[in-house]
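Before any comments, here is the structure.
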Amino acid sequence: AEPAIEDPFASLNPEQRAAVEHDIGSQAPRPLLVVAGAGSGKTNTLAHRVARLIGAGADPQRILLLTFSRRAAGEMSQRASGVLHRLLGRGAAARTQAPVSLPWAGTFHSIGARLLREFAGRIGLDPQFTIHDRGDAEDLMGMVRHEIGLSRTEKRFPMKGTCLSIYSRVVNSRDPLDQVLQAYFPWCAEWEAQLKTLFGAYVDAKQEQNVLDYDDLLLFWAEMAADPVLGAELGSWFDHVLVDEYQDTNRLQAAVITGMKPDGRGVMVVGDDAQSIYGFRGATVRNILDFAGQFTQPAHLITLERNYRSTQPILDASNAVIGAALERHAKTLWTDKVSAIKPQLVLIPDEAEQARWVCSRILEQREEGVPLKSQAVLFRAASHSAALELELMRRNVPFVKFGGLKFLEASHIKDLLALLRFAQNPSGRLAGFRVLQLIPGIGQATATRVLDAVGESSDVAATLAAFPVPARCSVEWQAFCALYARLRTPGLRWPQDLELARDWYAPHLERLHDDFQVRALDLDQLVALSGGHANRESFLAEITLDPPEATSDRAGPPLLDDDYVILSTIHSSKGQEWKSVHVLNVVDGCIPSDMATGNQDDIEEERRLLYVAMTRARENLHLIVPNRFFIKQQSTMGDRHVYATRSRFVTPVMLKHFEESAWLSADKRELRTPMPDSVRMLVRDRARNAWK
Ligand code: ATP
Ligand code: MG
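And the structure:
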């Protein structure tokens, strides 16, 4: 019998449907822009469109889907599969069908890395290039800065991190250096000439060492797309280019799209200008505003006004916050989700009480039937959750934290990855320098000489083996050379490389770190992660571009199907939703951040950030205002307590949208449960490694 066919598009509203059906069946679908507020179903519509396209015969291999994180790409593929299966029928055949795989779904950076590897030979890149993460890039900038003598002659010259931020801003915004300095780094403007020299040398160093930084992945891709021949060829790989969260793309990303698809054929982007929160990285809402005129044929615009996520009171409060923005976002969102529960503004004495209150509230809600997984705690900066993390651990509430994890910054992870990178790309001096110095008896001077020799040689393994190292390290050296030769063996099956590297590293780990057992678990995690990758290059690229972002309580890591609370920076919460959301530290100095208090644009971006946080909530929203919290002063005065005030974004007139509750004193009599040993270990371990 014919399987029952269900219309998976029946639930869509007319505007969403119009976006899904836009120019379906046409050989040349016109460019489409969907601008709509939070929770209006933009991402959902995009997923339905992908399914609709495939249902109408589009080849999934020829669909480029650009999202904000790897997780988002995975979720979108899954949603699209679900829709497609319903579209194709619910018979047994549909049930056994594997999910559609969208090989070209990912972030701009990871897709860029893949394309560059494919095209490397034709654009003057060595396909064995390695990718520098932000930390590596800073280190290289620091090395170059030192080499050209700036750190010696110019004592007040900007730090390597600032130099890299300036460089990155110039590259991503495509604005000239002097303008970027004037607008964002006025205190560095006097160094313009020196910065030019520095950036030139930095670019040369990257090229010599065959490394690309994050910005290069976009830059080379955009340059490639801008070339008439390569751009057309790239464009011909894809029939459809779909982009989520378009408000957070920068000039280079827009150039990538227009370069590949000058007529906008098959291009669909969705976004919300009110949720633009990556201006600090050079993203610009101009991309949305200019979209219509960017292609050789005009773009079609669809707006969505119905919100399906939040209750009316939550929407009212969020609209009040964004409605006060200097730049008006003309959007009316409505919902039919009535509710008597207003968002709560919770006034609390200090951060410690905040942590206790939030933890209690989370447990209460669980008692009321809201699983932990439907609850999230959001905050402005990754460090803001420290007190809460302790409290959750103390009370045995499992949690997973997104954003801000410094997995890649731990020295043992860096060591192991550096070894793999050095095997892949022997010209990468940063990786080489790090690895060589793991060998006892080899210091900076010897490492430098080894790398100089490697740089000149065509057979690196042989050069290493023949290098006259000091006699006291010859045994270790031979072991290293043997390992290196194996890692360079063509045809080595992945992840054998990683296992070999780990086994070689194990005794060094033990020698270097007292807590080697704890650290060894991280290395196991790395090996576990390697499973999803075809080869070393793709593993290294992905881990660098999209490192594992969830830390799990090492004392008892929550399994994937366990129940756990989500802790997340607001930036990482983009696009997601939970039944209940707590926003920590809704005070001036946190939101807006004290880093931003100078410039009007920055303040407005902080307002949108609060809007993003609030619009993650489906039913319950709590904004917490501690009256006293610890703030790190940038000056020489050191840390001090500041009496914070409620965030300026929650003005007195807005209070009518909130229910205010003061929670003034904790129940001091409550008996504190003692911390398990494993927790103490974890905290100590984290604290001790925080600076590394
Ligand atoms: P954000 O701006 O936060 O990224 P969004 O516009 O992408 O939000 P979605 O995440 O796609 O919104 O959708 C928000 C919620 O509304 C989801 O739970 C989604 O399943 C639901 N939703 C979207 N469209 C419909 C619809 N037509 N009928 C029922 N639910 C819908
Ligand atoms: Mg979305």
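full-length UniProt numbering puts the sequence shown at residues 6 to 697. Ideal placement from N, C-alpha and C gives every residue a C-beta, glycine not left out.
Problem set entry | DSSP-derived helix/strand/coil call for residue 633 | Strand.
Problem set entry | Inter-stretch contact (C-beta, 8 Å, three-pair minimum) for the segment 509–518 and the segment 104–116 | These segments do not touch.
Exercise. What residues in its chain sit with their C-beta under 8 Å from that of residue 30, if we drop five residues either side in the sequence?
Worked result: Around residue 30, the same chain offers 61 as residues with beta carbons nearer than 8 Å, after the five sequence neighbours per side are excluded.
Problem set entry | First and last residue of the uninterrupted beta strand (DSSP E) at residue 273 | Per DSSP, residue 273 is one residue of the beta strand (DSSP E) stretching across 272–276.
For this session: With DSSP collapsed to three states, give me the class of residue 13.
Result: Secondary structure of residue 13 (DSSP, three-state): coil.
For this session: Any chance you could list the beta strand (DSSP E) runs of at least 3 consecutive residues sitting entirely within the segment 373–414, in chain order?
Result: Listed in chain order, the complete beta strand (DSSP E) runs (minimum 3 residues) inside the segment 373–414 are 380–384, 404–407.
For this session: Tell me whether residue 673 is buried or exposed, calling it buried when 16 or more other Cβ atoms sit within 10 Å of its Cβ.
Result: Unreliable placement is indicated for residue 673, whose pLDDT of 39 sits below 50; the coordinate value is still reported in the next sentence. Residue 673 should be labelled exposed.
Exercise. Mind checking whether the beta-carbon of residue 249 lies closer than 7 Å to any heavy atom of the ligand MG?
Worked result: Result yes, Cβ under 7 Å from the ligand MG.
For this session: Please report how far the alpha carbon of residue 189 lies from the alpha carbon of residue 14, in whole angstroms.
Result: CA-CA distance, residue 189 to residue 14, rounds to 46 Å.
Exercise. Does the Cβ-Cβ distance between residue 39 and residue 48 come in under 8 Å?
Worked result: No, the pair does not count as a contact, with Cβ atoms beyond the cut-off.
Exercise. Whose C-alpha, out of 180, 619, 438, 318, is nearest the C-alpha of residue 578?
Worked result: Nearest C-alpha to residue 578: 619.
Exercise. With a CB to CB cut of under 8 Å and the five nearest residues on each side skipped, what residues in its chain are close to residue 536?
Worked result: Beyond the five residues adjoining it in sequence on each side, residue 536 comes within less than 8 Å, by CB distance, of 500 in the same chain, given in chain order.
Exercise. When DSSP builds the beta bridges, which residues end up paired with residue 353?
Worked result: Answer is 631.
Exercise. So residue 235 is in the alpha helix (DSSP H); what residue range does that whole segment cover?
Worked result: Residue 235 -> alpha helix (DSSP H) spans 233–242.
Exercise. In angstroms, rounded to a whole number, what distance separates the CA positions of residue 160 and residue 180?
Worked result: Rounded to the nearest angstrom, the two C-alpha atoms are 28 Å apart.
For this session: For chain D, find out if any of its Cβ atoms is closer than 8 Å to the Cβ of residue 233; answer yes or no.
Result: This model lacks chain D altogether, as it is built from one protein chain only.
For this session: Return yes when at least one heavy atom of the ligand MG lies under 7 Å from the C-beta of residue 347, else no.
Result: The answer is no for residue 347.
Exercise. Ordered along the chain, which non-local residues of its own chain (more than five positions away) have a Cβ less than 7 Å from that of residue 240?
Worked result: Within the same chain, and ignoring the five residues on either side of residue 240 in sequence, the residues whose Cβ sits closer than 7 Å to its Cβ are 265, 266.
Exercise. Does DSSP put residue 648 in a helix, in a strand, or in coil?
Worked result: Three-state result, residue 648: strand.
For this session: Please indicate yes or no: does the CB of residue 283 lie closer than 7 Å to some heavy atom of the ligand ATP?
Result: No, the Cβ of residue 283 stays beyond 7 Å of every heavy atom of the ligand ATP.
Exercise. Which residue from 289, 167, 434, 574 puts its Cα closest to that of residue 209?
Worked result: Per the Cα distances, 434.
Exercise. Taking one C-beta from the segment 364–384 and one from the segment 392–399 each time, how about it: are there three or more such pairs within less than 8 Å?
Worked result: With a cut-off of 8 Å, the segment 392–399 and the segment 364–384 count as touching, because enough Cβ pairs lie within range.
For this session: Taking residue 385 and residue 598 to be in contact with their CB atoms under 8 Å, please state how far apart those CB atoms are, rounded to whole angstroms.
Result: Contact check for residue 385 and residue 598: beta-carbon distance about 6 Å, within the 8 Å limit, so the pair qualifies.
Exercise. At a cut-off of 7 Å, is residue 48 close to the ligand MG when judged by its beta-carbon and the heavy atoms of the ligand?
Worked result: Between the ligand MG and residue 48, a heavy atom-to-CB distance of less than 7 Å is present.
Exercise. CB residue 353 to CB residue 631, shorter than 8 Å?
Worked result: The answer is yes: Cβ separation under 8 Å.
Exercise. Going by the C-beta, is residue 580 closer than 7 Å to any heavy atom of the ligand MG?
Worked result: The ligand MG has a heavy atom closer than 7 Å to the beta-carbon of residue 580.
Exercise. How long is the line joining the alpha carbons of residue 375 and residue 584, rounded to whole angstroms?
Worked result: Cα-Cα distance, rounded: 8 Å.
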